[in-house]
Amino acid sequence: MSGFNERVIEEFRRSGGHVAQFGSSLVLLHHRGAKSGIDRVSPVVSIRTSPDTWLIAASKAGAPDNPAWYHNLRAHPEIEIETPGDGTVAVTARVLDGEERDAGWLRFTEASDGFRQYEQRTTRTIPVIELRRAE
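Positions in the sequence shown are counted from 1; adding 3 to them yields our numbering.
Encoded structure:
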């Protein structure tokens with residue numbers, strides 16, 4: 004894990020989910036390596052769409068490839084997230100397709116200039132993933 008991510012995770016946990024640079028928009032993904040099986044934690048920006056649903060985008064700041072956590076969620080979609088308001092929540096990850104993905108992505112680009120810039124930096128379609136509270 005990078006030093007930046009470590010600092011973000013520490014601040015998130017110390018402050019109840021508020022990180023100066025991101026406000027309260029982050030969740031911490033607890034995911035398992037698709038190949039390694041190693042447990043990992045990654046901070047990601049989320050948009051909460053209902054009490055039981057969050058969206059995240061595999062933007063990787065507009066890099067040409069998807070972040071490692073995206074591949075991990077596809078391989079192991081049953082995960083936990085740490086949230087600012089609900090604590091640790093078991094969720095199921097589902098990659099959105101077609102119009103559903105486009106509507107989700109629009110929410111990110113409307114919320115942040117950064118996401119619009121990420122889209123301009125890459126030729127790939129940035130995946131949007133729904134995290135739904137497990138039953």
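Where is the CB? At the ideal position from N, CA and C, for every residue including glycine. Just so it is clear, the structure is predicted and the values come from calculations on it, not from any experiment.
Nearer than 6 Å: is that true of the beta carbon of residue 93 relative to any heavy atom of the ligand ADP? Summarising the ligand content, the structure contains no ligands, and the ligand ADP is consequently not present.
Can you check the region 53-132 for any beta strand (DSSP E) of at least 3 residues that lies completely inside it and give the ranges in chain order? List check, beta strand (DSSP E) in window: 56-60, 81-86 and 90-98.
Straight-line gap, residue 119 to residue 17 (C-alpha atoms, nearest Å): Each residue's alpha carbon lies about 30 Å from the other.
Since residue 87 and residue 27 are thought to touch, with beta carbons under 8 Å apart, how far apart are those beta carbons, to the nearest angstrom? Contact annotation, residue 87 with residue 27: C-beta distance approximately 4 Å; criterion of less than 8 Å satisfied.
Taking the alpha-carbon of residue 62 as reference, which of 103, 83, 52 and 108 has the nearest alpha-carbon? Looking only at 103, 83, 52 and 108, the smallest Cα-Cα distance to residue 62 is reached by 108.
Beta-ladder partner(s) of residue 30, from DSSP: The partner list for residue 30 (beta bridge, DSSP) reads 47.
Per DSSP, which residues does residue 11 bridge with? Please list them. DSSP output for residue 11 lists no bridge partner at all.
In whole angstroms, give me the CA-to-CA distance for residue 95 and residue 137. Cα to Cα, residue 95 sits roughly 6 Å from residue 137.
From residue 132 to residue 99, what does the alpha carbon distance come to, in whole angstroms? For residue 132 and residue 99, the distance between alpha carbons rounds to 6 Å.
Proximal residues to residue 60 (C-beta, below 6 Å), its chain only, five neighbours per side dropped: If we look at residue 60 and ignore the five residues flanking it on each side, its Cβ neighbours are 111, 129 and 131.
Bridge-paired residues (DSSP) for residue 135: Answer by DSSP bridge pairing, in chain order: 56 and 95.
DSSP puts residue 35 in a beta bridge; with which residues? According to DSSP, residue 35 bridges with 42.
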